[in-house]
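Residue numbers (the numbering used here), protein chains in the order written: chain A, 642 to 756; chain B, 20 to 135. Cβ coordinates follow ideal geometry from the N, Cα and C atoms, glycine included. These notes are about the structure you will find just below.
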């Protein structure tokens, strides 16, 4: 069974600085997708960034980028120029490729932004 | 223009009652899901339906019964509610028909269920 591990229950960063959230996963599949979701206090689950396993290039979305190390099964999220609105729970998630597949989530990392 | 909507947002009920949570998506997706987020914020899949057909049932007690009248709706009915059912329940949908389509799931705003 696939598992996702986020080893940092909590992280904090000064506003405008850079922070990296860690995620590792375990799978024997070759075709899969990885995601980072953000859950602010409003409870809404918001997709931050997506990475296809077959793509070697790391995904980027404005201030958010990932470091995808397929051999090491590592998928970290880097947030640059942190803003107060980035404060939230961040979940790393995995899903197998193709068809109706479930998301397997990590335990989450609570990110605090210090002004 | 809400993509995935759940009702109600909050539900407080007594042990032993039966309750339903409704979910609708207007994204044209063919797959819908129910996830449960416990008090420690851990998210886990409960059910998934693809074109009204049950695809995933993750060892959920029989008291939980999903119903999908059509592709755009997936409701969750819970019988004989227990204290341990208190959690946030998320509905989600994704587009899986096309193998090259985006596969991210879009989530509803969640329903916080409190059983007293």
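Would you say residue i and residue j are within 8 Å of each other, going by their C-beta atoms?
| i | j | result |
| --- | --- | --- |
| residue 646(A) | residue 668(A) | no |
| residue 126(B) | residue 23(B) | yes |
| residue 51(B) | residue 93(B) | yes |
| residue 729(A) | residue 745(A) | no |
| residue 113(B) | residue 123(B) | yes |
| residue 97(B) | residue 83(B) | yes |
| residue 753(A) | residue 662(A) | no |
| residue 694(A) | residue 678(A) | no |
| residue 76(B) | residue 66(B) | yes |
| residue 54(B) | residue 40(B) | no |
| residue 100(B) | residue 45(B) | no |
| residue 756(A) | residue 651(A) | no |
| residue 110(B) | residue 33(B) | no |
| residue 133(B) | residue 105(B) | yes |
| residue 71(B) | residue 89(B) | yes |
Leaving out five residues before and five after residue i in sequence, what residues of the same chain have Cβ atoms less than 8 Å from its Cβ?
| i | result |
| --- | --- |
| residue 617(A) | A question about residue 617(A) goes unanswered here, because the residues of chain A that appear run from 642 up to 756. |
| residue 739(A) | 672 |
| residue 699(A) | 692, 706, 707, 708 and 709 |
Tell me, please, which residues DSSP counts as bridged to residue i.
| i | result |
| --- | --- |
| residue 50(B) | 69(B) and 113(B) |
| residue 75(B) | 67(B) |
| residue 702(A) | 705(A) |
| residue 137(B) | The shown model of chain B, from 20 to 135, leaves out residue 137(B), and the question about it has no answer. |
| residue 719(A) | 661(A) and 706(A) |
| residue 679(A) | 687(A) and 731(A) |
If you drop the 5 nearest sequence neighbours on each side, which residues of the same chain put their C-beta closer than 6 Å to that of residue i?
| i | result |
| --- | --- |
| residue 658(A) | 723 |
| residue 131(B) | 29 and 107 |
| residue 648(A) | 663 |
| residue 644(A) | 667 |
| residue 742(A) | 736 |
| residue 686(A) | 678 and 680 |
If you run the structure through DSSP and keep just helix, strand and coil, what is residue i?
| i | result |
| --- | --- |
| residue 57(B) | coil |
| residue 104(B) | helix |
| residue 744(A) | coil |
| residue 727(A) | helix |
| residue 651(A) | strand |
| residue 42(B) | strand |
| residue 21(B) | coil |
| residue 81(B) | coil |
| residue 87(B) | strand |
| residue 755(A) | strand |
| residue 739(A) | coil |
| residue 693(A) | strand |
| residue 135(B) | coil |
| residue 32(B) | strand |
Here's a check: name, in chain order, each residue in its chain whose Cβ is nearer than 7 Å to the Cβ of residue i, leaving out the five neighbours to either side.
| i | result |
| --- | --- |
| residue 48(B) | 112, 113 and 114 |
| residue 717(A) | 661, 662, 663, 664, 707 and 708 |
| residue 86(B) | 94 and 96 |
| residue 128(B) | 25 and 28 |
Looking at residue i and the ligand SAH, is the gap between the Cβ and the nearest heavy atom below 7 Å?
| i | result |
| --- | --- |
| residue 110(B) | Because no ligand of any kind appears in the structure shown, any question about the ligand SAH cannot be addressed here. |
Checklist line | Residues from the segment 64-93 of chain B in contact with chain A, defined by Cβ distance under 7 Å | finding: 64, 67, 69, 74 and 75
Item checked: Selection of the segment 711-744 of chain A by Cβ proximity to chain B, strictly under 9 Å -> 730, 732, 734, 736, 738, 739, 740, 741, 742, 743 and 744
Notebook entry, point to check: Between the segment 669-689 of chain A and chain B, which residues of the former have a C-beta closer than 7 Å to a C-beta of the latter?
Noted result: 674, 676, 684, 685, 686 and 688
Check: the segment 20-39 of chain B: which residues have C-beta closer than 7 Å to a C-beta of chain A, in chain order?
Finding: none
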